[in-house]
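Peer 1: Right, I'll just put the structure down here and ask away after.
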């Protein structure tokens, strides 16, 4: 299926990463792990990575 999607111009790995990133931003690691079948440790890594990514998008200096 990956080759077929690639043949029509879609990249399954990129789409999967985007979807996991969106879920990781919105769900706690334990729930993400249960819903996706990954370990809680791996879900925590996804959560930390997306949190760090979001922190870079905050205005500087922080507005109070």
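Numbering (the numbering used here), first residue to last: 2 to 65. All C-beta atoms in this analysis are idealised placements derived from N, C-alpha and C, irrespective of residue type, glycine included.
For residue 41, I'd like the list of residues in its chain whose CB is within less than 7 angstroms of its CB, leaving aside the five on either flank, ordered along the chain.
Peer 2: 30, 31 and 34
Peer 1: Please state whether DSSP places residue 32 in a helix, a strand or coil.
Peer 2: Judged by DSSP in its simplified three-state form, residue 32 adopts helix.
Peer 1: Over what stretch of residues does the alpha helix (DSSP H) that includes residue 22 continue unbroken?
Peer 2: 13–27
Peer 1: For the alpha helix (DSSP H) containing residue 7, list its first residue and its last residue.
Peer 2: 3–8
Peer 1: Any heavy atom of the ligand PLP closer than 6 angstroms to the beta-carbon of residue 15?
Peer 2: The ligand PLP is not part of the structure shown, which contains no ligands of any sort.
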